[in-house]
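Reviewing the structure listed below.
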Amino acid sequence: IYCKISGLGTSTAKEAKEYFSNMERHRILFKYDSIKDDLAIQLAFNSALSDDRKDWIKWHTEDVNQRREQNLPADYLYKK
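Each residue of the sequence shown is one higher than the one before, starting from 58 at the first, in my numbering.
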């Protein structure tokens, strides 16, 4: 299953109203541990890093597909 999630900049006015009318439902809480978290957030949301983000997503998708083909259990994007 593939789901494209758009940022607010690509949302319609109706979608933006929905997001802001129920903040509890749409808010995602992050636990900050280190500078690595800052870098991950920058990679995910900084428009200047769009090419790096594409590589990151491509690498993750290839890793997930390879694990599936080898019948390995699913793994998190960032290992703990």
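Positions of the beta carbon are idealized from the N, C-alpha and C atoms, including for glycine.
- In the structure shown, Asn122 adopts helical secondary structure according to DSSP, grouped into three states.
- Taken in chain order, the complete alpha helix (DSSP H) segments of 4 residues or longer contained in the region 80 to 108 are 80 to 83 and 92 to 102.
- The closest CA to that of Leu100, considering only Lys111, Ser91 and Asp90, is found on Lys111.
- Going by beta carbons, Tyr76 and His83 fall inside the 9 Å limit.
- CA-to-CA, the gap between Trp116 and Ala70 works out to about 33 Å.
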